[in-house]
Every structure is written in structure tokens, then in C-alpha cells.
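Residue numbers (the numbering used here): 332 to 406. Where a beta carbon is used, it is the ideal one built from N, C-alpha and C, also for glycine. Report on the following structure.
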Amino acid sequence: YCLGIDVLVPAIRDLQSRGYNVRSFDLTSGEHLGEMFDLIVAGEVIEHLGAPRALFEFAVRHLAPGGRFLLSTPN
332 YCLGIDVLVP
342 AIRDLQSRGY
352 NVRSFDLTSG
362 EHLGEMFDLI
372 VAGEVIEHLG
382 APRALFEFAV
392 RHLAPGGRFL
402 LSTPN
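Have a look at this one:
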């Protein structure tokens with residue numbers, strides 16, 4: 332099971348129309364997505380966030396026990 336999340340609704344709709352499993356969700360909101368994950372990949376996302384700490388807090392809320400968080404950045 333793989334789920335993509337983003338805040339760009341037009342891009343999400345386009346991806347959904349092509350069969351991708353994506354949802355609109357603001358990971359900086361502090362809300363819970365309603366799912367737990369064994370792996371969270373944040374590929375070149377952190378540099379776009381005004382409050383990068385929210386990304387780590389999102390991971391803490393959504394990682395299953397023993398889960399891993401993989402972060403990459405071009406900077």
C-alpha cells in the first residue's frame with residue numbers, strides 16, 4: 332500500500348484520474364491522517380515548508396512502531 336499526499340488539489344485530481352492513490356492533506360495542520368505507516372518518505376519537501384518542524388511532528392504522529400522516516404533535500 333502506497334499513499335501520496337499533497338496540498339495542490341489540481342495536481343492531486345490529475346494524479347487520481349491516472350490511477351494514483353493520492354490525497355489532499357496539509358501535513359503542517361497538526362491533524363491526524365487517520366492511518367499509520369511503516370515508512371514515510373519526504374523527498375525534497377522540507378525546503379518548501381515555512382515551519383519544517385511540522386514535517387517531523389507529522390512523521391511522529393503517523394509512524395507505526397518501528398517505522399522509519401526517510402528525508403531528502405537538494406540543499
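With respect to the C-alpha of residue 358, the residue from 342, 399, 383, 398 having the closest C-alpha is 383. Residues of the same chain with a CB within less than 6 Å of the CB of residue 369, apart from the 5 flanking positions on each side, are 395, 398 in chain order. For residue 403, DSSP records a beta bridge to 374. Judged by their CB atoms, residue 355 and residue 376 are not nearer to each other than the 8 Å cut-off. Shown here for residue 352: same chain residues with a beta carbon closer than 7 Å to its own, the five before and five after excluded, namely 333, 334, 335 in chain order. Take the alpha-carbon of residue 404 and the one of residue 371: they are about 15 Å apart.
Of the candidates 338, 402, 392, 379, 392 places its Cα closest to the Cα of residue 366.
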